[in-house]
Each structure stands twice: as C-alpha cells, then as structure tokens.
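Asks: Note that the sequence shown covers residues 1 to 212 in the UniProt record's numbering.
Heads up, the beta-carbon is just placed ideally off N, CA and C, and yes, glycines get one too.
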Amino acid sequence: MQNSKPTIIAITGASASGKSLFSHTIYKELVSEIGEHGISIIKEDAYYREQSHLSMEQRIRNNYDHPDAFEHSLLTEHLKQLVDKKPIECPVYCYKTHTRTTDAITIKPTPIVLVEGILLFSNPELREQFDIKVYMDTPLDICLLRRIERDTVERERTIESIIQQYITMVRPMYYQHIEPAKAFADVVITKGGKNRMAIELLKAKIRQLIIS
Ligand SMILES: Nc1ncnc2c1ncn2[C@@H]1O[C@H](COP(=O)(O)OP(=O)(O)O)[C@@H](O)[C@H]1O
Ligand SMILES: O=c1ccn([C@@H]2O[C@H](COP(=O)(O)O)[C@@H](O)[C@H]2O)c(=O)[nH]1
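#1: When DSSP labels each residue in this structure, what does G18 get in the three-state scheme?
#2: For M169, I'd like the list of residues in its chain whose CB is within less than 6 Å of its CB, leaving aside the five on either flank, ordered along the chain.
#3: I need the DSSP call for L114, collapsed to helix, strand or coil.
#4: Could you compute how far the alpha carbon of Y47 sits from the alpha carbon of P111?
#5: A181 by DSSP, collapsed to three states: which one?
#6: Tell me which residues share the same chain as Y93 and place their Cβ nearer than 7 Å to its Cβ, disregarding the 5 neighbours each side in the sequence.
#7: Cβ of A185 within 6 Å of any heavy atom in ligand 1?
#8: For ligand 2, I want to know if V134 counts as a neighbour, meaning its beta carbon is within less than 6 Å of at least one of the ligand's heavy atoms.
#9: Cutting at 6 Å between CB atoms, please list the residues of its own chain near N195, excluding the five before and the five after it.
#10: Cβ of S15 versus every heavy atom of ligand 2: is any distance shorter than 6 Å?
#11: For the alpha helix (DSSP H) holding A204, just list the boundary residues, first then last.
#12: Taking only heavy atoms of ligand 3 into account, decide whether any of them is closer than 6 Å to the Cβ of D131.
#13: Here's the rule: buried if 16 or more other CB atoms are within 10 angstroms of the residue's CB, otherwise exposed. What is V153?
#14: Considering only their Cβ atoms, is the gap separating Y135 from T12 smaller than 7 Å?
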C-alpha cells in the first residue's frame, strides 16, 4: 500500500454515541500491529473555530452543534494534504476555554487515517474526502446519559449546564444535521463504542487495505 492513496475513514454520530471510544479502540489495537506509520487519528473537535477574540459569555452561548462552529475548510485542506503525503499541523481545542490552545500536533501521513466527529457529513467537500463512512447509531437517551457522566467528569460541566445546552442546542441540532446524515453512511453501527463485532470487521477491512 506504500504507493497507493491513503484511505480516509470517517466515524460520525451523535455526541456521546461512542465515536471516540470506537475509533480509539481500533487505533490502539491496530497501532500495536502496524505501527504509528500505518494509522493515525484526527478529531473533528480539534477544528472548532478559534474564539479567543470572544468574551467567555459569548463563547459559552455559542452553538457547538451547528456545522458553522467548525472550520471544516481547514479540516478538508488537511485531509487533502495527508492524501498528498504531506504532514499537517492539527490544532488543539480546549473544551474548558472553548477555544484553541496555542499548541498544534504534527500528524504525519499514514496509509490509514481515522477521522471522528459529530458533523463530518454536513459539508459536501469534506464528505467527499472520505473513502469509508461509518455512522454510530446509538439511541439518543443512552447518548444523553453517557454525555452527562462524561461531561461532569471530563469536561467539568454542571448538570444544569449540560441539560440547558442539551435542550436548546444538542438535541435540535442532532435532528437537523446529524441524524439525516446517516443516509450518507456506508456502514451503520449499533450498540455504541464497545461493539466488538463492528470493531473486528473494520480492523479486518483495514488489514486488507494495508496488505493490498
Ligand atoms: N457501548 C458502550 N458501553 C458503555 N459505555 C460506553 C459505550 N460506548 C461509549 N461509552 C462511554 O460513553 C461515553 C461517551 O463515549 P465517547 O466515545 O466519548 O462518545 P463520542 O466520541 O461519540 O462523543 C464515554 O465515557 C465512553 O467510555
Ligand atoms: O466548546 C465546546 C465544544 C464542543 N462542545 C460539545 O461537544 C460535543 C462534540 O463532542 P463529542 O466528543 O462528539 O461529544 C458537541 O455536542 C458540543 O455540544 C461543547 O460543549 N463545548
């Protein structure tokens, strides 16, 4: 596969549907077989817009579940660079300050690139970059419970702020922009980020791509 075009695999679905767990499990288990030069992983969240020019109140009020919250043009450009076998400088986003940090992570081109995020199929030019499109179809009530658990622990949010954001933005944007994008998926995965059969099937496909 050294001379062929890298394969870009998108994993999308609702917030807390298990995208991150699913893609990191595949990454971790394959990196031990094929090494870091074989597979890389990118989070769409890293491409939330830079917002240091806004006050904290303005940042808190922003709708992070609308496609406009992301700099999809930069993500598209970066995926094209990786396909051209050039490294990228991936931004680093902070959920606490709601903006990018001053850091960047260098990602080298690899034959397999996993990309995970909520709105990967919302932009036609970005969507075109993906060779395999996966949708995590986890029931929304399960996503909400997992989001509450995760965001109180990992993103330092209060229950009140999670509920308020969920009712006003997360849920309506899911029905407007995320759920309809399931129609673009090649593969729809049930049972969340621990679906072992789905993990093994995708790993098998990736191994096949690597050796072909
Ligand atoms: N099938 C599952 N069973 C139990 N917990 C899960 C499952 N899938 C995901 N989780 C947990 O739910 C939370 C949200 O999952 P995550 O992968 O972060 O979602 P996403 O990346 O889609 O926002 C995490 O704490 C994760 O460990
Ligand atoms: O500053 C921010 C940026 C994003 N969010 C929320 O994050 C999720 C997307 O991340 P997942 O890992 O897929 O859950 C999105 O629903 C935003 O609401 C945020 O709260 N603050």
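Replies: So, from the listed chains and residues:
#1: In the sequence shown, residue 18 corresponds to position 18, counting from 1. Here G18 sits in coil by DSSP.
#2: Along the sequence shown, read from residue 1 onward, the residue named residue 169 stands at position 169. Here the set comprises N63 and D65.
#3: Sequence index remark: in the sequence shown, residue 114 carries index 114 (1-based). Correct three-state label for L114: strand.
#4: Against the sequence shown, residue 47 aligns to sequence position 47. Against the sequence shown, residue 111 aligns to sequence position 111. Distance between the alpha carbons of Y47 and P111: 22 Å.
#5: As a working mapping, residue 181 is identified with position 181 in the sequence shown. The answer is helix: DSSP assigns A181 an H, G or I state.
#6: Residue 93 sits at position 93 when you count from the first residue of the sequence shown. Correct list, in chain order: D45, A46, Y48 and R100.
#7: The count along the sequence shown starts at 1 and reaches residue 185 at position 185. Because no heavy atom of ligand 1 lies under 6 Å away, the Cβ of A185 does not count as near it: no.
#8: Taking the first residue of the sequence shown as 1, we reach residue 134 at position 134. Checking every heavy atom of ligand 2 against the Cβ of V134, none is found closer than 6 Å.
#9: As a first step, residue 195 must be located in the sequence shown, where it is residue number 195. Correct list, in chain order: I189.
#10: Walking along the sequence shown from the start, residue 15 turns up at place 15. Yes.
#11: Here residue 204 refers to the residue found at position 204 of the sequence shown. Counting along the chain, the alpha helix (DSSP H) containing A204 begins and ends at R196 to I211.
#12: You won't find ligand 3 in this model; what it holds is ligand 1 and ligand 2.
#13: Along the sequence shown, read from residue 1 onward, the residue named residue 153 stands at position 153. Exposed, since its Cβ has fewer than 16 Cβ neighbours within 10 Å.
#14: Here residue 12 refers to the residue found at position 12 when the sequence shown is read from its first residue. Here residue 135 refers to the residue found at position 135 when the sequence shown is read from its first residue. Yes, the Cβ-Cβ distance between T12 and Y135 is below 7 Å.
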